[in-house]
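If you read the sequence shown in my numbering, its first letter stands for residue 16, the second for the next number, and so on.
Note that CB positions come from ideal geometry on N, CA and C, so glycine has one too.
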Amino acid sequence: MKRSNSNSKQRKRSKKSIEVPVVLWNTDWDRQQITCTQCNQKYLAWNLLFDCPDNQLYLNCPLCTIHLMTVDYSKPSKFTRQMSDLTGDDVKYYDNRINRIDDLNRIKFLANVQKSELKSADQLPEINSDHIIIVWRCNEMTEQIEICHGNIILWKEVRTFQHHERYLKVGQILKEKYGTRLKDFVPHESTWLYLYGDYGPAISMVKDFRNSLQRGNEI
Ligand SMILES: [Zn+2]
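Have a look at this one:
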């Protein structure tokens, strides 16, 4: 806890020193024109690249990635108070703004998912065994999927909802790496809810894949 506090203080200090403007998210920040201090390109704030540390949105130049503006959406109480004073079109306008922040969070989440995914067999270690059983399990603390061989974690990915297609994709990469030595790819109980979600056929898709491994990789 202490460490993250000091980090955020540091961040605030360094932000001040380069004088990046900080605006509240329930203002017109997305319609502002911003000129990049490095490349001099003009942008509509909404079109800038972003990342979201803590409850802030850092808007960055798409060309030089320099940090140009911070949008602070960490103060819901202030927003709620303002909402109570609003009616009609104003409320619609602010509702849209909430949806936009939700969109941004979703985009950020998906970017993290993509970044974390196992992409090729080269990223996996060699395993010296002729009978390899790999487990797909979930770490509830980190909300990550851990791909394990015994006690060894081969890979970690961000967990998503109803991710049977991801399980099958990873299964193919495991097959590519370990060939017929891969005898099973076990979805641990901790993943079932997120693995199958609300999609009934997912159960038999996973089962078929595991059967194919036991039969010796026919499909
Ligand atoms: Zn720039």
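For residue i, three-class secondary structure by DSSP
i	result
V164	It should be noted that the sequence gives His, not Val, for residue 164. The answer is strand: DSSP assigns H164 an E or B state.
Q159	strand
F176	coil
Q53	coil
D66	strand
N75	strand
K134	coil
W61	helix
V221	helix
E117	This sequence places Asp at residue 117; Glu is not what is there. Here D117 sits in helix by DSSP.
I149	strand
T80	coil
L39	strand
Q47	coil
N143	coil
Exposure label - residue i; buried when at least 16 CB within 10 Å
i	result
G165	exposed
M84	buried
Y214	exposed
F124	exposed
K192	buried
A217	buried
Q97	Interpretation of Q97 is limited by its pLDDT of 46, a score under 50 that renders its predicted location unreliable; the figure taken from the coordinates is listed afterwards. Exposed is the call here.
R46	exposed
L208	exposed
R121	exposed
Integer-rounded CB distance, given that residue j should sit under 8 Å from residue i
i	j	result
A60	W44	6 Å
R196	S144	7 Å
L139	L72	So it is not a contact: roughly 35 Å between Cβ atoms.
Q229	K198	7 Å
V221	H179	6 Å
D87	V35	Not really, about 11 Å apart at Cβ, beyond 8 Å.
is_contact[residue i, chain C] using C-beta, thresh 8 Å
i	result
L119	No chain C appears in the structure shown, which is made up of a single protein chain.
Quick check: the segment 158-174 against the segment 125-135, are at least 3 beta-carbon pairs closer than 8 Å? Output reads yes: the segment 158-174 touches the segment 125-135.
Contact between the segment 76-85 and the segment 48-57: three or more CB pairs below 8 Å? Short answer: they touch.
So, does the segment 149-165 touch the segment 200-207, judging by three or more C-beta pairs under 8 Å? With a cut-off of 8 Å, the segment 200-207 and the segment 149-165 count as touching, because enough Cβ pairs lie within range.
Determine contact between the segment 184-197 and the segment 139-151, defined as no fewer than three beta-carbon pairs at a distance below 8 Å. A contact exists between the segment 184-197 and the segment 139-151.
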